[in-house]
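For the protein sequence lines, the chains are A and B, in the order given. FYI, the numbering for the first sequence is 21 to 134, going by our numbering. FYI, the numbering for the second sequence is 171 to 288, going by our numbering.
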Amino acid sequence: GDSVTQMEGPVTLSEEAFLTINCTYTATGYPSLFWYVQYPGEGLQLLLKATKADDKGSNKGFEATYRKETTSFHLEKGSVQVSDSAVYFCALSEGSGGYNKLIFGAGTRLAVHP
Amino acid sequence: GAVVSQHPSRVICKSGTSVKIECRSLDFQATTMFWYRQFPKQSLMLMATSNEGSKATYEQGVEKDKFLINHASLTLSTLTVTSAHPEDSSFYICSARAATGEKANTQYFGPGTRLTVL
């Protein structure tokens with residue numbers, strides 16, 4: 021079945037460092053791809069998404085490009101802040117007909133130090 | 171962005187009692203709502219998908235008689251954990267999705283409910 025693989029964390033960076041969190045997927049169709057962020061004790065917030073190949077999702081300085089040829093959707097940010105410390109989940113949406121299920125990766129914890 | 175609320179945010183109950191968790195979409199009509207369970211430092215596991223006015227579809231391994239889901243309106247879904255036991259302690263998160271419009275292809279998540287069963 022469909023699946024999502026994320027790089028293992030934790031990722032520890034200094035403030036203003038460059039961030040990359042790798043995400044690859046396996047899917048039989050043409051899924052939509054998402055990055056969600058979860059702050060401590062909270063639910064998930066949609067960070068960005070891309071619905072077709074070569075689309076770039078971006079939000080709050082984060083961006084990710086839907087690469088069909090490498091089945092990847094890596095998350096990047098040029099300069100991280102302490103407030104970016106959270107768990108990041110890559111996900112794909114499978115299925116059709118309005119009943120799409122989300123398949124999540126294991127999550128990558130990011131810790132940014134001043 | 172869309173707003174989805176959950177109530178309560180935290181609940182502690184005794185073993186053997188039942189607990190109801192509400193999930194509401196506040197600014198759109200959610201024809202589909204999803205219930206997830208998240209164990210500490212792990213990813214979300216889909217428990218069931220509920221569609222307004224019909225029975226929920228449960229994932230393999232999820233007991234439908236233990237986790238009762240009702241989606242009676244386009245803005246409200248409830249999850250009832252019946253005869254709760256300590257192993258049911260977890261973080262329960264709902265999400266909502268619209269049938270049409272801009273919000274149709276994205277799940278919007280609630281803030282989660284922390285259930286502790288003593």
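The beta carbon of each residue, even a glycine, is placed where N, CA and C say it ideally should be. Just so you know, these numbers come straight off a predicted model, no measurement behind them.
Closer than 7 angstroms by beta-carbon distance: list the chain A residues that pair up with residue i, in chain order.
i              : result
G282 (chain B) : E62, G63
Q277 (chain B) : L122
L214 (chain B) : F124
Determine the burial state of residue i: buried for a count of at least 16 other Cβ atoms within 10 Å of its Cβ, exposed for fewer.
i              : result
S178 (chain B) : Reading the sequence as shown, one finds Pro at residue 178 (chain B) and not Ser. So P178 (chain B) counts as exposed.
Q101 (chain A) : exposed
E28 (chain A)  : exposed
G180 (chain B) : One detail in the question is off: residue 180 (chain B) reads as Arg in this sequence, not Gly. Burial call: exposed.
K80 (chain A)  : exposed
D258 (chain B) : buried
L66 (chain A)  : buried
E114 (chain A) : buried
T46 (chain A)  : exposed
T48 (chain A)  : exposed
S185 (chain B) : exposed
A84 (chain A)  : buried
D104 (chain A) : buried
For residue i, return the contacting residues in chain A, with the cut-off set at a CB-CB distance below 8 angstroms.
i              : result
S263 (chain B) : For clarity, residue 263 (chain B) is Ile in the given sequence; the question names Ser instead. Residues of chain A passing the Cβ test: G63, L64.
State the CB to CB distance for the pair residue i and residue j, rounded to an integer number of angstroms; the pair is presumed to be in contact (CB under 8 angstroms).
i              : j              : result
L112 (chain A) : V24 (chain A)  : 6 angstroms
I41 (chain A)  : Y86 (chain A)  : About 15 angstroms separates the two Cβ atoms, so there is no contact after all.
R284 (chain B) : Q277 (chain B) : The pair is not a contact, with the Cβ atoms about 20 angstroms apart (cut-off 8 angstroms).
K121 (chain A) : T219 (chain B) : 7 angstroms
H241 (chain B) : M215 (chain B) : Rounded, the Cβ-Cβ distance is 19 angstroms, inconsistent with contact.
Y59 (chain A)  : A131 (chain A) : That pair is no contact at about 13 angstroms.
Determine the chain B residues that contact residue i at a beta-carbon separation under 9 angstroms, and present them in chain order.
i              : result
G127 (chain A) : K211, Q212, S213, L214
Would you call the CB atoms of residue i and residue j closer than 8 angstroms?
i              : j              : result
I182 (chain B) : T252 (chain B) : no
Q26 (chain A)  : T128 (chain A) : yes
E96 (chain A)  : L39 (chain A)  : yes
G231 (chain B) : F261 (chain B) : no
G125 (chain A) : S213 (chain B) : yes
Q176 (chain B) : E192 (chain B) : yes
L238 (chain B) : T227 (chain B) : no
V189 (chain B) : S265 (chain B) : no
H133 (chain A) : E62 (chain A)  : no
K76 (chain A)  : F54 (chain A)  : no
Y56 (chain A)  : K72 (chain A)  : no
N221 (chain B) : T248 (chain B) : no
F198 (chain B) : L64 (chain A)  : no
F82 (chain A)  : C110 (chain A) : no
Taking only heavy atoms of the ligand FAD into account, decide whether any of them is closer than 7 angstroms to the Cβ of residue i.
i             : result
K76 (chain A) : For the structure depicted, the ligand FAD is absent and the ligand set is empty, with no information on it obtainable.
Next item on the list: Please list the residues of the region 101-115 of chain A that have a C-beta atom closer than 9 angstroms to any C-beta atom in chain B, keeping them in chain order.
Entry: V107, F109, A111, S113
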